[in-house]
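Residue numbers (the numbering used here): -16 to 364. Here the structure is laid out as structure tokens; the discussion comes afterwards.
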């Protein structure tokens, strides 16, 4: 992905007296890794991982190259996802632009935290080197110390910085955080954004309407539980394609939302999905987390996207689409958090683990049988 060229960003101005960091320690515990591979051999608990510089120092990440509001966060809970396994096990480390300045990366891009400090560029320094429009600056949400937030940095920022939620303290652009609604806790919001935003994309792309019949595949998983709360139905059977054809061949579904990535189910979907319906998949299921499986999954995604729909050419005759969650954007994150605050959406939890049991928790995620989110308690003191 190419990055627009901008003049070198100005050095961040010093924080004002109201936002001076008071942290006295210089290190904090974190899970770090320096190369892809099996997480039980590459992911290590580091008791003294350096705290991020705050205010952020130049050069700023390419994902946020201009001065804007940043937060220093004390992480409360982190949710583990299959995406973390992909990053840990098979994403080439050469893709990480932070690897020269800081060779360590930290997993978990879905976490909750408490604001320890806020840095906001002063108006006189927030000038021509800032590409944001006046409207964007006026709409920027202002945070304060003590605010509880749920965070979801996108892949571009993670690759540029190595930041993740499996560490005690994180520095993060405020655009990647949303304030947790009153009456909701850090624990309740853990695991909300990645799954909630993915579900929002899948339901929105299918244009699910009142009275439609929707099959949700993988409804007991993290994304699936969110989709079910947004739509209606799920059926599972040992021979799922055959069972669906038997039960619903004469009254096919309007849409199929596949949060698991069942390729065989898609290949046979003409038997139980209306011709005008959409098959929307969150991914292609991995039989194992290796570079080969990552490549094979990517090729399958491309094939499903470009292969002609015509049945006489081997197609399904149905529209297939993959839900992309590279960067949900603030509007989507706020929409999901609003549903959560109104009680219309909740995070289903499979299990909750102490910080020293991350490897065991990843085993649960890797098994593919988690009935909800797998949550890590990062700061328990």
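Just so you know, even glycine gets a beta-carbon here, dropped at the ideal spot from N, CA and C. All figures in this text were calculated on a predicted structure; none of them were measured in a lab.
Residue i, DSSP secondary structure in three states
i, result
"residue -8", "Reliability fails at residue -8, whose pLDDT of 44 lies under 50, so the model's placement of it is uncertain and no value is given."
"residue 79", "coil"
"residue 211", "With a pLDDT of 48 at residue 211, under the threshold of 50, the modelled position of that residue is not reliable, and no figure is offered here."
"residue 197", "strand"
"residue 6", "Per-residue confidence for residue 6 stands at a pLDDT of 48, beneath the threshold of 50, marking its modelled position as unreliable; the derived number appears in the next sentence. Coil, per DSSP."
"residue 14", "strand"
"residue 354", "coil"
"residue 48", "coil"
"residue 92", "coil"
"residue 98", "strand"
"residue 71", "helix"
"residue 43", "coil"
"residue 264", "strand"
"residue 123", "coil"
"residue 397", "The requested residue 397 is not part of the displayed model; the chain covers only -16 to 364."
Alpha helix (DSSP H) segment containing residue i, residue limits
i, result
"residue 275", "274 to 289"
"residue 316", "312 to 324"
"residue 247", "246 to 250"
"residue 243", "No alpha helix (DSSP H) contains residue 243, which DSSP labels as neither H nor E."
"residue 24", "22 to 25"
"residue 228", "223 to 231"
Extent of the continuous beta strand (DSSP E) run through residue i
i, result
"residue 56", "53 to 63"
"residue 343", "From DSSP, residue 343 is part of no beta strand (DSSP E) but of the alpha helix (DSSP H) over 341 to 350."
"residue 330", "It is not in any beta strand (DSSP E) - residue 330 carries neither H nor E in the DSSP assignment."
"residue 302", "302 to 305"
According to DSSP, residues forming a beta bridge with residue i
i, result
"residue 359", "61 and 336"
"residue 365", "Given that the chain is displayed from residue -16 to residue 364, the structure contains no residue 365 and the question cannot be resolved."
"residue 33", "10"
"residue 28", "14"
>> So within the stretch 132 to 179, which uninterrupted beta strand (DSSP E) runs reach at least 3 residues, ignoring any that extend past its ends?
In response: 152 to 156 and 160 to 162
>> Check whether the stretch 303 to 320 and the stretch 251 to 270 touch, using three or more Cβ-Cβ pairs below 8 Å as the test.
In response: yes
> Just checking, does the stretch 25 to 34 make contact with the stretch 308 to 315 on the three C-beta pairs under 8 Å criterion?
Replying inline: no
> For the 8 Å Cβ check, are there 3 or more pairs between the stretch 331 to 338 and the stretch 277 to 292?
Replying inline: no
>> Within 8 Å, do at least three Cβ pairs link the stretch 346 to 356 to the stretch 189 to 200?
In response: no
> Would you call the stretch 143 to 157 and the stretch 314 to 330 touching, i.e. three or more CB-CB distances under 8 Å?
Replying inline: no
> Should the stretch 10 to 19 be called in touch with the stretch 70 to 89, which here means at least 3 C-beta pairs below 8 Å?
Replying inline: yes
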